[in-house]
Amino acid sequence: LLEAANYLDRREREQEHGYASTLPMPDSRYSTKTKKEKSKRIQGNRNSHNELEKNRRAHLRSCLERLKDLVPLGADTSRHTTLGLLTKAKRFIKSLEDRDRRITSQREQLNKKHKSLRRHLENLNSSYKSALYKRRSISECSSSTISSTNSSISAGSYSISEFEDIRSFSNQSDSDDYSSIQSMTSGDSGVAISTSRLSLSEMSF
Numbered sequence: 001l002l003e004a005a006n007y008l009d010r011r012e013r014e015q016e017h018g019y020a021s022t023l024p025m026p027d028s029r030y031s032t033k034t035k036k037e038k039s040k041r042i043q044g045n046r047n048s049h050n051e052l053e054k055n056r057r058a059h060l061r062s063c064l065e066r067l068k069d070l071v072p073l074g075a076d077t078s079r080h081t082t083l084g085l086l087t088k089a090k091r092f093i094k095s096l097e098d099r100d101r102r103i104t105s106q107r108e109q110l111n112k113k114h115k116s117l118r119r120h121l122e123n124l125n126s127s128y129k130s131a132l133y134k135r136r137s138i139s140e141c142s143s144s145t146i147s148s149t150n151s152s153i154s155a156g157s158y159s160i161s162e163f164e165d166i167r168s169f170s171n172q173s174d175s176d177d178y179s180s181i182q183s184m185t186s187g188d189s190g191v192a193i194s195t196s197r198l199s200l201s202e203m204s205f
């Protein structure tokens with residue numbers, strides 16, 4: 001900064017006197033220092049570039065080795081070039097994509113079929129429950145009807161047995177009355193008594 005200020009002052013004085021001085025020669029030490037710094041900077045950039053390129057190639061080589069393990073190359077894998085490896089990898093990826101599309105389509109069809117079968121199963125379950133309910137209702141009605149019939153038969157049997165007792169008692173009474181009438185006919189002097197009684201045995205049911 002001091003050198004620059006002195007230079008500007010000198011120029012102003014020279015302009016005032018009507019003549020211009022020549023430009024000062026640059027310092028050789030400053031020029032040499034600048035060249036060294038520039039060369040160091042260039043060398044540093046070159047070293048960084050070489051290091052980056054080395055890392056990039058190492059990463060690319062690692063990726064190619066992994067790709068060889070993933071892509072089916074055949075028997076002789078040592079003779080495959082990088083271009084051939086990439087070409088086969090592209091074909092292999094395309095075949096995998098086609099296979100994925102087919103599997104996706106089949107999966108969608110299976111999902112539709114599963115939903116259809118599930119609805120059909122629900123309908124069958126509903127029909128089965130309805131049929132089972134009707135069968136139980138019919139069975140309950142049949143059981144109640146059979147119970148009522150048995151009760152009626154028991155009541156009818158009791159009435160018939162009671163009627164038989166009454167009938168036997170009536171027959172016995174008729175016999176007693178008939179014998180008494182016969183004795184009266186023979187005892188009285190020729191007087192005939194004719195009686196008739198409607199017994200229970202002569203009744204029609």
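Position 98 of the sequence shown, counting from 1, maps to 98 under the UniProt record's numbering, and the rest follow consecutively. Every residue gets a Cβ at the ideal spot worked out from N, C-alpha and C, and that includes glycine.
### Query
With V71 and K88 assumed to form a contact (beta carbons below 8 Å), what rounded beta-carbon distance in angstroms separates them?
To locate residue 71, count along the sequence shown from 1; it is residue 71. To locate residue 88, count along the sequence shown from 1; it is residue 88. Correct: roughly 5 Å between the Cβ atoms.
### Query
Going by the CB atoms, is the gap between L85 and L67 shorter than 8 Å?
Taking the sequence shown and counting its residues from 1, the one referred to as residue 67 is at position 67. Taking the sequence shown and counting its residues from 1, the one referred to as residue 85 is at position 85. Result yes, Cβ atoms of L67 and L85 sit closer than 8 Å.
#### Entry: Check whether L64 and T82 have beta carbons under 8 Å apart
Along the sequence shown, one-based indexing puts residue 64 at 64. Along the sequence shown, one-based indexing puts residue 82 at 82. Cβ distance < 8 Å, so L64 and T82 count as in contact.
#### Entry: Cα-Cα separation between R102 and F92, rounded to whole angstroms
Taking the first residue of the sequence shown as position 1, residue 102 is located at position 102. Taking the first residue of the sequence shown as position 1, residue 92 is located at position 92. Approximately 15 Å between the Cα atoms of the pair.
#### Entry: Cα-Cα separation between L132 and N125, rounded to whole angstroms
Along the sequence shown, one-based indexing puts residue 132 at 132. Along the sequence shown, one-based indexing puts residue 125 at 125. Roughly 10 Å separates the two Cα atoms.
#### Entry: C-alpha gap between N111 and S130, whole angstroms
Within the sequence shown, numbered from 1, the residue matching residue 111 stands at position 111. Within the sequence shown, numbered from 1, the residue matching residue 130 stands at position 130. Approximately 29 Å, taken between the alpha carbons.
### Query
Taking just the CA atoms, how far does E3 sit from E12?
As a first step, residue 12 must be located in the sequence shown, where it is residue number 12. As a first step, residue 3 must be located in the sequence shown, where it is residue number 3. Straight-line Cα distance between these residues: approximately 14 Å.
### Message
Taking only three categories from DSSP, how would you classify S139?
### Response
As a working mapping, residue 139 is identified with position 139 in the sequence shown. Residue state, collapsed to three classes: helix.
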